[in-house]
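Engineer: The opening position of the sequence shown corresponds to residue 464 in the numbering used here, with each subsequent residue numbered one higher.
Quick one: structure below, then a few questions.
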Amino acid sequence: MNKTIAALSLGTSLLAAAVATTVIIDRRSKEPYDSPLDSLLHETPLEEAFEEELGILIYQTRDISADWRNERVFRIAQAYQRLNDNWDYFPEQFASVDALFILDRDGSVIGRADPEERDIYLYCRGYDQCANSRVLLHELAHVFSANFGPNFWNSWQSISGSGYHGLENISGPRCSAAMDDVAAVTCHGAKNVLEDVADVVLFVYDVNYTPSARYGISAENIPRIEEKLLLLHRYETFSDEELHTALRWLAQYNLRALTGRSAYPEAPVIRISPEAW
Ligand SMILES: [Zn+2]
């Protein structure tokens, strides 16, 4: 039996047993994505194959065509593949995810994580403008860092201090002062510890694998940023090699800041996989 037929006949037998699944369908039906039953009925063979490879459930926006479903899942599969090819501990980290939601983008949010449910939400605009590998890693960092115990979070907080800015709007010119307050590497990271951790993880990824990425940090914060990297490394967030590249990047950055040369060091070029997708 081919996959589509198998899925359809499974769907039919599930319809016969609809009474048993009513509770689940009710809970899910108000959501903008497929219910588990919808998923079985509308899922394309490509989605199924991707689900199988990842070993997780994938839910997509309701009522989009099979072409859109395929294109979006293809884009997300590319993001997944890029991380899988590069980021050393990706498989172990992705094992802490239960479900992936690929939904219509509404507003500026491109990704979201629900660490308690072990879910990641990635958003797409149109049929193919979907969250990329960097967004996926940021959200993934929220999920796996939720497993770090209180010692980790206490240590992090003692490095950062208590100057996080919460929901305050800190974009634009106030950004660097906010970052300085807690030794964050991005404005977003200055909001709270959770975003700080996720963006420092992304920083390590970028200096290893995203040559075009630029970070504007204050040289005075480098010692605290280094402490954060060492702490994350102790929790097996990235490999020795990835840590060393990031520390080297910071050392170069510091040197250039001290000598008044370019604010940005040359991006380290290493192990970038071909831009085939
Ligand atoms: Zn976040």
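For glycine and all other residues, C-beta sits at the position ideal for the given N, C-alpha and C.
What whole-angstrom Cβ distance do E580 and D561 have, given they're in contact under 8 angstroms?
Structural biologist: Indeed, because the Cβ distance is near 7 angstroms, the residues count as touching under 8 angstroms.
Engineer: Please list the terminal residues of the continuous beta strand (DSSP E) segment that includes I583.
Structural biologist: Start and end: 582–588.
Engineer: Going straight from the alpha carbon of E515 to that of I521, what length do you get?
Structural biologist: So the two alpha carbons sit approximately 10 angstroms from each other.
Engineer: Need the endpoints of the beta strand (DSSP E) that L520 sits in, please.
Structural biologist: First-last of the beta strand (DSSP E) with L520: 520–523.
Engineer: Can you name the start and end residues of the beta strand (DSSP E) that F557 belongs to?
Structural biologist: Segment 553–557 is the alpha helix (DSSP H) holding F557; no beta strand (DSSP E) there.
Engineer: Measure the Cβ-Cβ separation of L599 and D582 and say whether it is below 9 angstroms.
Structural biologist: Cβ distance not < 9 angstroms, so L599 and D582 don't count as in contact.
Engineer: With a CB to CB cut of under 6 angstroms and the five nearest residues on each side skipped, what residues in its chain are close to A647?
Structural biologist: A653, D659, listed in sequence order.
Engineer: Using the C-alpha atoms, what's the distance from E683 back to D577?
Structural biologist: If I take the Cα positions, the gap works out to 34 angstroms.
Engineer: What's the gap between the Cα of F553 and the Cα of Y543?
Structural biologist: Distance between the alpha carbons of F553 and Y543 is about 9 angstroms.
Engineer: Can you say whether N610 is buried or exposed, counting buried as having 16 or more other CB atoms within 10 angstroms of its CB?
Structural biologist: Counting Cβ neighbours within 10 Å, N610 comes out exposed, since fewer than 16 surround it.
Engineer: With respect to 8 angstroms, is the separation between the Cβ of H628 and the closest non-hydrogen atom of ligand 1 below this value?
Structural biologist: Outside the cutoff, so no.
Engineer: Check for me: the beta strand (DSSP E) holding A542 runs from which residue to which?
Structural biologist: Here A542 belongs to no beta strand (DSSP E); instead the alpha helix (DSSP H) covers 529–549.
Engineer: For the beta strand (DSSP E) containing I565, name the first residue and the last one.
Structural biologist: Here the beta strand (DSSP E) through I565 covers 562–567.
Engineer: Using DSSP with H/G/I as helix, E/B as strand and the rest coil, what is D591?
Structural biologist: Coil, per DSSP.
Engineer: If the criterion is Cβ atoms closer than 9 angstroms, does the pair K691 and V670 meet it?
Structural biologist: It is not a contact, given that the beta carbons lie outside the stated cut-off.
Engineer: Can you have a look at H605 and say buried or exposed, based on whether 16 or more other CB atoms are within 10 angstroms of its CB?
Structural biologist: Buried, since its Cβ has 16 or more Cβ neighbours within 10 Å.
Engineer: Rank S625, H601, A529 by C-alpha distance to the C-alpha of T700 and give the top, closest one.
Structural biologist: Checking every option, the nearest Cα to that of T700 belongs to H601.
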